[in-house]
Amino acid sequence: MTTSLSDSFDNGGNPYYLHQSDNPGVVLVTQLLSNDNFHSWKRLMVLALSAKNKLRFVDGSIAAHDPSMVDQFNGWTRANNFVNSWILNSVSKDIVASLLYHISAAEMWKDLIDHFQQLNGPHLFQLKKRLCELV
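If you're matching positions, the sequence shown starts at -5 in my numbering and goes up one per residue.
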């Protein structure tokens, strides 16, 4: 018995699989990303995306397929757009504008990490300085 490509997309273990209850309007985490909660928000999003088997879309290990591979490209595009929507629905309105035009969820995720880790740099320096003063 052979398995068709469309059957493989209907398998919950396949990262392209979308359950009938999944929709792009879903908010995966109750705590929207703001300028002061990146680390806790990121942890919640990683858990939620992992539970949906979509973490590989944000870590970049699933890249876009060649558009000439129509079924694979369409499957990637659809799942990637869901992940993009879930991220956009999980950030505050002032952050959404900076993310809207990313094509891949991996690009969007990297932009968030780069931005918020840079913002936290001075804060981390101050914390390390305080720790050294305690010793």
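Beta carbons: idealized from backbone N, C-alpha and C, even for Gly.
This one's a predicted model, so the numbers in the text were calculated from it and none came from an experiment.
Mark residue i as exposed unless 16 or more other C-beta atoms lie within 10 angstroms of its C-beta, in which case mark it buried.
i: T(-3); result: Confidence in T(-3) is poor, its pLDDT being 47 and thus under 50, which makes the residue's placement unreliable; the coordinate value appears in the next sentence. Under this definition T(-3) is an exposed residue.
i: N5; result: exposed
i: A73; result: buried
i: A91; result: exposed
i: K46; result: buried
i: F119; result: exposed
i: N78; result: buried
i: I107; result: exposed
What are the boundary residues of the alpha helix (DSSP H) that includes residue i?
i: V77; result: 64 to 82
i: I89; result: 87 to 93
What number of angstroms, rounded off, separates the C-alpha of residue i from the C-alpha of residue j?
i: K48; j: R37; result: 14 angstroms
i: L26; j: A57; result: 26 angstroms
i: F110; j: F51; result: 20 angstroms
i: S28; j: S86; result: 6 angstroms
i: G54; j: T71; result: 14 angstroms
Would you say the beta carbon of residue i is closer than 7 angstroms to some non-hydrogen atom of the ligand SAH?
i: D88; result: Only the bare structure without any ligand can be found here, which leaves the ligand SAH out of the picture.
Only counting runs of 4 or more residues, tell me where the alpha helix (DSSP H) segments fall wholly within the stretch 16 to 60, in order along the chain. 32 to 45, 49 to 53
The stretch 61 to 75 contacting the stretch 33 to 43, beta-carbon criterion three pairs below 8 angstroms: no
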